[in-house]
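The structure appears right after this line, and notes come after that.
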Amino acid sequence: MKLARILAAGMAIALSLSACGGGGASGDGATAAPGGSAGGLEKTQLLVGVVPVPSSAPLFIAEKRGFFKEEGLTVKTEIIQAPQAVMPKILNGSMDAFLTSYVSLMAINDSGAATLKLFQHSQEAAPDVAGVVVAEGSPIKSAADLKGKTIAVNVLKALGQTLTNAHLQEAGLKPDDVKYVPVQFADQISALSSGKVDAAWLVEPFLTAAKKDGATQIIDTTDGVTAGVPIDGWGVTEDWLAKNPKTAAAFHRALAKAQQIAGEDRKAIDEVVPTYTQIPADAAAAMTLGTFSLEADRAGVQKLADLLHGYGYLKSKVDAAQLFAPLGG
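Reading the sequence shown from the start, the letters are residues -21 to -1, 1 to 308 in mature numbering (1 follows the signal peptide of the UniProt record, and there is no 0).
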């Protein structure tokens, strides 16, 4: 359990930073540039919400390599768990951009709370990035064996439940043949070992930690029927884009440059992940990562949207093409 405890403690430390503006954020973060900047930017100081997961790495690569500075931008960060938790800041403009799962982005838009756009893609799934595991010695050996069982997911009616449902259906089960319960990732390994749940849906780095502690993966939810599913990217509001077109273009150029590096150089990701997650360097290097590509596969986004609507997690059907900001994927 040693690695699990290290990772859980590290994530707890990272998440606790949100209360005090982790990553160097101060005050209300974003401020307007008095009279504009030399490059005509509407804003030069930005506050960006980051989730302590590998997908946030491109932003920290951009900061480390001076890409924001080259564009005349000062970027401060605040650790968040999901955009839903900081919607007041997003709506009043004090938080400019944020890492968001595609599921969260679509759910917020579906609720009518805001109109969000995907500003820059971050990561899509690769095999073994997320999966369903059972405790060591469990009689559950496959998806079909989950009938009547309890599965832990970090959030109900979100990505984990959606992906797992697709694999259950492939195994001949219906989504309501199992019971999903919300358990934070950091608590899922103990929930499994204590028997509080029969199975758990985990993402990296928790998936690797669970396997090292003896858990057995019975479903790879980022392969097979759900291979290549888009995970997350950087979101902004439609209103923010309209008010800050030059700043948006500058911010996007810096992020895209870092995104390309993340896609080509695993070491660049490993170097920055410990700086904002408190995950030890050796654990970061051991994680399985998805694919960091410049643009999302829009057919994959549409497939995810259709799954969410089909399971009743979204009230309205989604045209995936409308989710993306005009300046690029």
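All C-beta atoms, glycine included, are put in the ideal place defined by N, C-alpha and C.
Using the beta-carbon count (16 or more within 10 Å), is A4 buried or exposed? Low per-residue confidence applies at A4: pLDDT is 35, beneath 50, and the placement is therefore not dependable enough to give any value.
For V29 versus T56, is the C-beta distance shorter than 9 Å? Cβ atoms of V29 and T56: closer than 9 Å.
Considering only C-alpha positions, which residue in the set D156, A36, T23, V160 is nearest to S272? Of D156, A36, T23, V160, the smallest CA-CA separation from S272 is found for A36.
If I measure Cβ to Cβ from residue 325 and keep anything under 6 Å in the same chain, skipping five residues before and after, which residues do I get? Here the chain covers residues -21 to 308 and nothing more, so residue 325 does not appear.
Look at the Cβ atom of V215, then the Cβ atom of F77, and state whether they are nearer than 9 Å. Yes, these two residues count as a Cβ contact at 9 Å.
With the cut-off set at 9 Å, would you say F303 and L97 are in Cβ contact? Contact: yes.
What does a CB cutoff of less than 6 Å around K126 pick up in its chain, not counting 5 residues either side in sequence? Within the same chain, and ignoring the five residues on either side of K126 in sequence, the residues whose Cβ sits closer than 6 Å to its Cβ are L152, D156.
DSSP three-state assignment for L25, whether helix, strand or coil: L25 falls in the strand class under three-state DSSP.
Nearest neighbour of L70, chosen from A137, D218, A109, V134 [CA to CA]: The shortest C-alpha separation from L70 is found at D218.
Measuring alpha carbon to alpha carbon, tell me which of A235, G207, K222 ends up nearest A278. Nearest option by C-alpha distance: G207.
Taking the DSSP output, what are the residues bridged to L20? L20 has no beta-bridge partner at all, per DSSP.
Is it the case that the Cβ atoms of P62 and S83 are separated by a distance below 9 Å? In contact: P62 and S83 (Cβ atoms closer than 9 Å).
Kindly indicate which three-state DSSP category F271 falls into: helix, strand or coil? Three-state DSSP puts F271 in coil, outside helix and strand.
Span separating the alpha-carbon of G139 from that of L181: Here the alpha carbon of G139 sits roughly 8 Å from the alpha carbon of L181.
Which full runs of the alpha helix (DSSP H) of 4+ residues lie inside the stretch 209 to 268, going along the chain? Considered as a whole, the stretch 209 to 268 harbours 217 to 222, 224 to 243, 245 to 256, 260 to 265 as its complete alpha helix (DSSP H) runs of no fewer than 4 residues, in chain order.
Apart from the five residues just before and just after A229, which ones in its own chain have a Cβ nearer than 8 Å to its Cβ? Result list for A229: G18, L20, E50, G51, L52, in chain order.
Measure the alpha-carbon distance for R213 versus A233 and round it to whole angstroms. What sits at residue 213 in the sequence shown is Trp, not Arg. Taking C-alpha positions only, W213 is separated from A233 by approximately 13 Å.
Buried or exposed: P67, going by 16 or more other Cβ atoms within 10 Å of its Cβ? With fewer than 16 other Cβ atoms within 10 Å, it is exposed.
Could you tell me which residues DSSP pairs with D199 in its beta bridges? DSSP, once it has assigned bridges, lists G110 as partnering D199.
Assign G8 to buried or exposed, taking buried as 16 or more other Cβ atoms, counted over all protein chains shown, within 10 Å of its Cβ. Bear in mind that the predicted position of G8 carries a pLDDT of just 42, short of 50, making it unreliable; the figure below should be weighed with that in mind. For G8, the number of other beta carbons within 10 angstroms of its own is at least 16, and it is reported as buried.
So, for A109: in the same chain, excluding its five sequence neighbours on each side, which residues have a beta-carbon less than 6 Å away from its beta-carbon? Non-local beta-carbon contacts of A109 in its own chain, meaning distances under 6 Å to residues more than five positions away in sequence, involve V182, T200, T201 in chain order.
Alpha carbons only, please: which of D298, G269, K294 is nearest the one belonging to K282? Comparing Cα positions, the closest option is D298.
Which parts of the stretch 51 to 78 are runs of the alpha helix (DSSP H), unbroken and 4 residues or longer, counting only runs that do not cross its ends? As far as the stretch 51 to 78 is concerned, its whole alpha helix (DSSP H) runs of at least 4 residues are 66 to 71.
To the nearest angstrom, how far is the alpha carbon of T94 from that of G193? Taking the straight line joining both Cα atoms gives about 43 Å.
Less than 9 Å between the beta carbons of I197 and S295, yes or no? No.
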